[in-house]
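Chains A and B, in that order, are what the protein sequence lines are.
Note that full-length UniProt numbering gives residue 100 to position 100 of the first sequence, counting from 1, and the numbers run on in steps of one.
Note that full-length UniProt numbering gives residue 93 to position 93 of the second sequence, counting from 1, and the numbers run on in steps of one.
C-beta: ideal position from N, C-alpha, C; glycine also.
Step one of this worksheet: look at the structure below.
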Amino acid sequence: MKESNEELVGLLEKMLVIREFETTVQKHFAEGEIPGFVHLYLGEEAVGVGACSALKEEDYITSTHRGHGHLLARGGDIKKTMAEIFGKATGYNKGKGGSMHIADVSLGILGANGIVGAGLPIAAGSGISAQILGKESVTICFFGDGASNRGTFHEAINLASVWNLPVVFVCENNMYGISMPQYRADGRKGQNIKDVSDRAVAYGISGVTVDGNDVMAVREAVIEAVKKARANGGPSLVECKTYRWRGHFEGDPTVYRPDEELEQWKKKDPIDRFVKVLKDQEILDDEGYKELRDKVKGQIDEALQFVQDSPEPDVSEITTDVYYGGAE
Amino acid sequence: MKKLSYAEALRLAMEEEMNRDSSVFVMGEDVGVFGGCFGVTGDLVEKFGEDRVRDTPITETAIVGSAVGAAMTGSRPVAEIMFAGFLGVAMDEIFNQAAKMCYMTGGQAHVPMVLRIPDGAGIGAAAQHSERTEAWVTHVPGLKVVYPSNPADAKGLLKAAIRDEDPVMFFEHKILYNHVGDVPEEDDYIVPLGKGEIKREGSDVTIVATGIEVSHALEAAEQLAEEGIDVEVIDPRTLVPLDIDMIMKSVEKTGKLLIASEETKRGSFASEIAAEVAEEGLFYLEQPIKRVCAPDAPVPFSSVLEQAYLPNPKKIADAVREMF
């Protein structure tokens, strides 16, 4: 697939939005302005952006506890996203979901999920709907290396395989499930295989591992998998190796990993790398990049202002939406 | 009207709804060519094909979890968990996913799915295939909980559940599957969720019962009538939402309340009804509320133990006699 320059810069812009958004959330969380806990997507931007760029409007995604990036990559409104994280009435979920449940369902986002691995069966179900309703929609299921050890991983991928469901299982292998390394030669580890994608063979589906800090590599692999799913070729597993720059949650002291490891991964910053590619191809120059960053910064500032101007939810909302009240 | 068994009435409800709405589909273990572990899905696969009557692997977590995902994306799954005792395998999908999705998304998403759950003891199936689990799910905001006691209600309630916009936990007592009764034949025969029914009018004592206990209570009521005790039997039919007004009115009339349930007593839904009446209707009561439940023990295997364990018409009648 040959992307237009505009499309390529669009991918960079989305990654910049996520970077700036998460950096801002980090700051305001540290200042005690955000309740609960937040799991930031810093360092993993290329996965969400690359994968979502392979989708059409009628497609779906399931997200995770680390879901801000997925929502923004899918085209979520920055203001409503920020407002939800601050618990405001104007947030996507009316302040009832917060960081871990943030979603724009109208964009085909079937919830962000606070239960690790819960999205996999839900994604399979979305695939069933495509078959029942005769739709050509494809569902991307984002999950982490930690989730790949859960029973939901096994049951959902097995079901997707035997029923040939149009689902692309995108594993964001950020190397750690909280403090547990996904794999290493010695010591504690979550699994005894280097690549999560090795598991695909057990389900009779294709599995690949790509550089999750290379937005074009993610995009190409997921485009392939989506194309196959849409053509009734069944599910695939795409593992994207990446690294979370922050702890599992904000406040995690990350005592379980060496500082040098983080420094090594920061050298593989998905944004710096893609900027270099665009500059080398003369698609973007220094001035253009600065303009882009200023534009994104402006959007985040607007979102913060929106939060400032937004009301808290009314306490009468506590018992609404327990059951469905109909479309608004 | 047509004479049908409870199982046939359930199948008819599914068939009618599948004919009416092409987004309705059935899935579960052995629901296809095998016809369902208790024969409830029967020949549906011949009528609708394997796409809409989906035989799953043994995979309760994925059955419920994928039903949630399908329901969120425009389908109306009617999923079956073969035995209530298997609910634990899919509990996250029930109480964290199906139940909370609407709320967590601020009402953006909703989950119009039905989970059919055969439950109850009486066939020597022992502890993991016999228990009553309705209290596990009535406790969870966001779920609706239904429990039909006869074939007509089975049909009308299942159709209502399939048309409902929220996740419905639909309990079916295994002993009831072969019970036969008159079932309305109309396609639009619906028993709305949240409306109880007075199965027998009476003036001396109120028995609230669901599922199999309705038959037991009615049998007890016949015995007691001969002794001059006029029993009112109320079947709420849905536990969530609960027709508490109907129960309260009856208690106001009779002044006495007995709740019959095969559940183990502690933390049961019977306890919830007792609490509701104690909270809002204490002054209607002439004496303490009684609960006739199973003891707080797993369901035993031996027929002797199992029969002694279960509530029955005699135990209900004896408990009522103690109130006079």
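Three-state secondary structure assigned by DSSP to residue i
i	result
B:K199	strand
B:F170	strand
A:I3	For the sequence presented, residue 3 of chain A should be read as Glu rather than Ile. Here A:E3 sits in coil by DSSP.
B:F86	helix
B:A317	helix
B:M323	coil
residue 351 of chain B	Given a span of 1 to 324 for chain B in the structure shown, any question on residue 351 of chain B remains unanswerable.
B:C102	helix
B:C37	coil
B:A260	strand
A:Y176	strand
A:S126	helix
B:T61	helix
B:M113	coil
B:I289	coil
A:K189	coil
A:P121	helix
A:P270	helix
Sub-9 Å separation of residue i and residue j beta-carbons
i	j	result
B:Y147	B:F170	yes
B:M323	B:V140	no
A:V141	A:A156	According to the sequence shown, residue 141 of chain A is Cys rather than Val. Yes, the Cβ-Cβ distance between A:C141 and A:A156 is below 9 Å.
A:L42	A:E13	no
A:E220	A:E136	no
A:S126	A:T139	yes
A:R188	A:E20	no
A:T254	A:E44	no
A:A83	A:V218	no
B:C293	A:Y324	no
A:T152	B:G69	no
A:I109	A:R66	no
B:E172	B:L10	yes
A:G177	A:G146	yes
B:K155	B:L12	yes
A:E250	A:V38	yes
B:P151	B:H129	no
A:L107	A:R150	no
B:V137	B:I94	yes
B:E60	B:A90	yes
Proximal residues of chain A, C-beta to C-beta of residue i below 9 Å
i	result
B:G74	S129, I132, L133 and K135
B:P57	E155, N158, L159 and V162
B:R52	I132
Beta-carbon neighbours of residue i, restricted to chain A and to distances below 8 Å
i	result
B:E16	Going along chain A, no residue has its Cβ under 8 Å from B:E16, so there is no contact; the nearest lies around 18 Å.
B:Q108	Y92, N93, A103, D104, V105 and S106
B:E93	A118 and P121
Within chain B, partners of residue i - CB distance below 8 Å
i	result
A:I122	G65, S66, V68, G69, M72 and Q97
A:L110	G69, M72, T73 and A109
A:G177	By Cβ distance, chain B contributes nothing, its closest Cβ being about 17 Å from A:G177, past 8 Å.
A:S126	G69, A70, M72 and T73
A:I115	D92, N96 and Q97
For residue i, the residue or residues it bridges with in DSSP
i	result
A:T90	Partner(s): none; A:T90 has no beta bridge.
A:R150	In DSSP, A:R150 forms no bridge with anything.
B:V191	In DSSP, B:V191 forms no bridge with anything.
A:S206	A:S236
B:D182	B:K3
B:F25	B:P77
A:C171	A:F143 and A:E239
A:R219	In the DSSP output, where bridge partners are listed per residue, A:R219 has none listed.
B:V240	B:V145
B:E232	B:T206
Proximal residues of chain B, C-beta to C-beta of residue i below 9 Å
i	result
A:K96	Y103, M104, T105, G106 and G107
A:G87	Going along chain B, no residue has its Cβ under 9 Å from A:G87, so there is no contact; the nearest lies around 11 Å.
A:G233	Chain B residues near A:G233: none, gap ~17 Å exceeds 9 Å.
A:Y256	Residues of chain B passing the Cβ test: none, with the nearest at roughly 26 Å.
Nearest-angstrom beta carbon gap, residue j and residue i [assumed within contact, 8 Å]
i	j	result
A:A118	B:Q108	Wrong, their Cβ atoms sit about 17 Å apart, outside the cutoff.
B:E262	B:G120	6 Å
B:D235	B:K265	The Cβ separation is near 20 Å, so there is no contact.
B:V251	B:V277	6 Å
A:I193	A:P235	Rounded, the Cβ-Cβ distance is 19 Å, inconsistent with contact.
B:V191	B:A225	That pair is no contact at about 27 Å.
B:A227	B:G202	According to the sequence as given, residue 227 of chain B is Glu; it is not Ala. Rounded, the Cβ-Cβ distance is 13 Å, inconsistent with contact.
7 Å Cβ cut-off: residues of chain B touching residue i
i	result
A:T152	T61 and G65
A:L72	Chain B residues near A:L72: none, gap ~17 Å exceeds 7 Å.
A:Y203	The premise fails here: A:Y203 is roughly 12 Å from chain B at the closest Cβ pair, so nothing lies under 7 Å.
A:G146	Chain B residues near A:G146: none, gap ~15 Å exceeds 7 Å.
Listed by chain order, chain A residues near residue i by CB distance under 7 Å
i	result
B:P141	V322
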